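So the sequence shown is numbered by my numbering: it starts at 278 and just counts up by one.
Even glycine gets a Cβ: it sits at the ideal position worked out from N, Cα and C.
Everything numeric in this text was worked out from a predicted model, so none of it was measured.
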Amino acid sequence: MPKISKKDGKKGTSTKATPKKHPLFVKRPKVGGIGSGSIGPKRDLTRLVRWPKYVRLQRQKMVLYKRLKVPPAINQFQSTADKNTCRTLFRLLNKYRPETRAEKKARLLEAAKADSDKAAAGTKPLFVKYGINHVTALVENKKAKLVVIAHDVDPIELVIHLPALCRKTDTPYIIVKGKSRLGSVVHTKTATALVVEDVRKEDQADLATLVSYARENFNSVTRHNWGGGKLGHKSATAQAKLMKAAKREA
278 MPKISKKDGK KGTSTKATPK KHPLFVKRPK VGGIGSGSIG PKRDLTRLVR
328 WPKYVRLQRQ KMVLYKRLKV PPAINQFQST ADKNTCRTLF RLLNKYRPET
378 RAEKKARLLE AAKADSDKAA AGTKPLFVKY GINHVTALVE NKKAKLVVIA
428 HDVDPIELVI HLPALCRKTD TPYIIVKGKS RLGSVVHTKT ATALVVEDVR
478 KEDQADLATL VSYARENFNS VTRHNWGGGK LGHKSATAQA KLMKAAKREA
């Protein structure tokens, strides 16, 4: 029986029926373009972020300082020294940074070796003093030539007495920005206040300039200005609408 080739045979028709497309299940191929549906446009999600607790506390504190009325004793810490004065001040302070533990150990070892020369062993190098109790004692005893106070001490009650005490003892003081900046001078994370007791002969002119600036801008100025009392955006807009309506009626 002769073989029938596939070419000679009839074309086979598929017995499978084509499935009907359901109207609810529509094929939607993914598109990689931004804004086409698959990938949405970039949005600012700042308000949806759960910020750390310390960040929330910082922001809430700043809002309270703006909304509530701040008494003059606290509000005076918002008036700080200008940029040029701070540059001169920190240039001077960095010359009198306290010695580290290793440097102090080396100095004491040298002093112990020089037993015969007691005068050389007893002399201490000049450094800035820090620590709020130490600073307060130096100001009370009138040994401080210049007091530097940080403006962002928390709690503020630690340094709130210093400006009044400095005015009472006639000690020049300066308020500067940044407790961390003061801390970098004395090898710590932060510092509330620093005291300059004495300086070398070549730095007397810089110290005299800073003292005169402190007396003119801080000691002689009695600050009675209250701070805060600023409305938020919504409250300010609502108040402006009321004022506008009152003007129309008048």
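7 Å Cβ shell around L508 - same chain, five flanking residues per side excluded: As a first step, residue 508 is located in the sequence shown; it is residue number 231 there, counting from the start. Q516.
CA-to-CA distance, H501 to R327, given in whole angstroms: As a position in the sequence shown, residue 327 is number 50, starting the count at 1. As a position in the sequence shown, residue 501 is number 224, starting the count at 1. So the two alpha carbons sit approximately 39 Å from each other.
Sequence-distant residues of the same chain with beta carbon closer than 6 Å to Q481, five excluded per side: Translated into the one-based positions of the sequence shown, residue 481 becomes position 204. Within the same chain, Q481 has no close Cβ partners at all.
L386 (DSSP reduced to helix, strand or coil): Here residue 386 corresponds to residue number 109 of the sequence shown, with the count starting at 1. In the structure shown, L386 sits in a helix (DSSP, three-state: H, G or I).
C-beta contact flag for L456 and V430 at 8 Å: Here residue 456 refers to the residue found at position 179 when the sequence shown is read from its first residue. Here residue 430 refers to the residue found at position 153 when the sequence shown is read from its first residue. Leu is not the amino acid found at residue 456; the sequence shown has Lys there. Contact check for K456 against V430 passes: the beta carbons are separated by less than 8 Å.
Top-ranked residue by Cα proximity to S461, from A491, F302, K372, P402: Indexing the sequence shown from 1 puts residue 461 at position 184. The option with the nearest alpha carbon to S461 is K372.
DSSP state of K445 mapped onto helix, strand, coil: For this step, residue 445 is matched to residue 168 along the sequence shown. DSSP places K445 in helix when its eight states are reduced to three.
R368 versus A470, R458, K401, residue with shortest Cα-Cα distance: Residue numbering aside, residue 368 sits at position 91 when the sequence shown is read from its first letter. Residue R458 is the option with its Cα nearest to R368.
Distance, P318 Cα to P300 Cα: Walking along the sequence shown from the start, residue 300 turns up at place 23. Walking along the sequence shown from the start, residue 318 turns up at place 41. Roughly 29 Å separates the two Cα atoms.
Option in S512, I426, S489 with minimal Cα separation from T467: Position 190 of the sequence shown, counting from 1, holds the residue named residue 467. Among S512, I426, S489, the Cα nearest to that of T467 belongs to I426.
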